[in-house]
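A.B. asks: Got a structure for you, questions after.
Structure follows, in structure tokens:
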């Protein structure tokens, strides 16, 4: 299975910053990113420090496609596993996706669908699912993401509606 380690993620963020240095200089001027630079991203296991620059890159039409790609790769541990940084990043993803003028908005909506699906509990009796996704007790980020999704349920329904995974749509997360 394809797994991106911390060094690979850091190198990918560094390449992004070399190509789009303007994203490293901007502040958190966009309301959706308020507090993003205050988070000690590099203290989260497997997470590079450059996450705020990737979020700012989503606001830049020239950098947005690459920022979305690198951010998605950085926030995933593998194709079927969320990283430890995803629960922290999720509120910023939701806020940005709510903005209709964000250049990479469709990519963010796609990522939110993936997060919503991968954050669902895994039935411990389903050996195939446990083999593919891992046991819930080995992946606390799933429960943490569910909590963030629940806290932002109204926004999530507005953004994704019928595209939500059935477990979210049918009662695991309800808008308040």
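Residue numbers (this note's numbering): 1 to 176. From the three backbone atoms N, C-alpha and C, an ideal C-beta is built for every residue, glycine too. Here the structure is a predicted model, which is why all the values come from computation and not from measurement.
Can you tell me whether residue 4 is helix, strand or coil according to DSSP?
C.D. replies: Looking up residue 4 in the chain shown gives position 4. Three-state result, residue 4: coil.
A.B. asks: Compare the beta carbon distance of residue 135 and residue 96 with 8 Å and say whether it is the shorter of the two.
C.D. replies: For the purposes of this step, residue 135 is taken as the residue at position 135 of the chain shown. For the purposes of this step, residue 96 is taken as the residue at position 96 of the chain shown. No. Outside cutoff.
A.B. asks: From this set, 14, 107, 19, which residue's C-alpha is nearest residue 49's C-alpha?
C.D. replies: Numbered from 1 along the chain shown, position 49 holds the residue referred to as residue 49. Residue 14 is the option with its Cα nearest to residue 49.
A.B. asks: With distances taken from CA atoms, which of 154, 72, 86 is nearest residue 108?
C.D. replies: Within the chain shown, residue 108 is the residue found at index 108, counting from 1. Selected option, being the one with the closest Cα: 72.
A.B. asks: How big is the Cα-Cα spacing for residue 114 and residue 20?
C.D. replies: The residue you call residue 114 lines up with position 114 of the chain shown. The residue you call residue 20 lines up with position 20 of the chain shown. Cα-Cα distance, rounded: 26 Å.
A.B. asks: Excluding the five sequence neighbours on either side, which residues of its own chain have a C-beta within less than 8 Å of the C-beta of residue 17, listed in chain order?
C.D. replies: Reading the chain shown from its first residue, position 17 is the one you call residue 17. Same-chain partners within the cutoff: 23, 24, 50, 53.
A.B. asks: Check for me: the alpha helix (DSSP H) holding residue 78 runs from which residue to which?
C.D. replies: Stepping through the chain shown from its first residue, residue 78 is reached at position 78. Looking at the DSSP string, residue 78 is not in any alpha helix (DSSP H); the run it does join, the beta strand (DSSP E), is 76-78.
A.B. asks: Taking all protein chains shown into account, decide if residue 141 is buried (16 or more other Cβ within 10 angstroms of its Cβ) or exposed.
C.D. replies: As a working mapping, residue 141 is identified with position 141 in the chain shown. Looking at its Cβ environment, which holds 16 or more other Cβ atoms inside 10 Å, residue 141 is buried.
A.B. asks: State buried or exposed for residue 124, treating a residue as buried only when at least 16 other CB atoms are found within 10 Å of its CB.
C.D. replies: Numbered from its first residue, the chain shown carries residue 124 at position 124. Exposed.
A.B. asks: State the DSSP-derived secondary structure class of residue 33, mapped to helix, strand or coil.
C.D. replies: In the chain shown, counting from the first residue as 1, residue 33 sits at position 33. In this structure, residue 33 counts as helix in the three-state DSSP scheme.
A.B. asks: State the DSSP-derived secondary structure class of residue 82, mapped to helix, strand or coil.
C.D. replies: Residue 82 sits at position 82 when you count from the first residue of the chain shown. The answer is strand: DSSP assigns residue 82 an E or B state.
A.B. asks: Report yes or no: do three or more beta-carbon pairs, one from the segment 83-92 and one from the segment 125-132, lie closer than 8 Å?
C.D. replies: Output reads no: the segment 125-132 does not touch the segment 83-92.
A.B. asks: Output needed for residue 10: all residues of its chain with C-beta closer than 7 Å, excluding positions within five of it in sequence on either side, in chain order.
C.D. replies: The residue you call residue 10 lines up with position 10 of the chain shown. Excluding sequence neighbours, residue 10 sits near 48.
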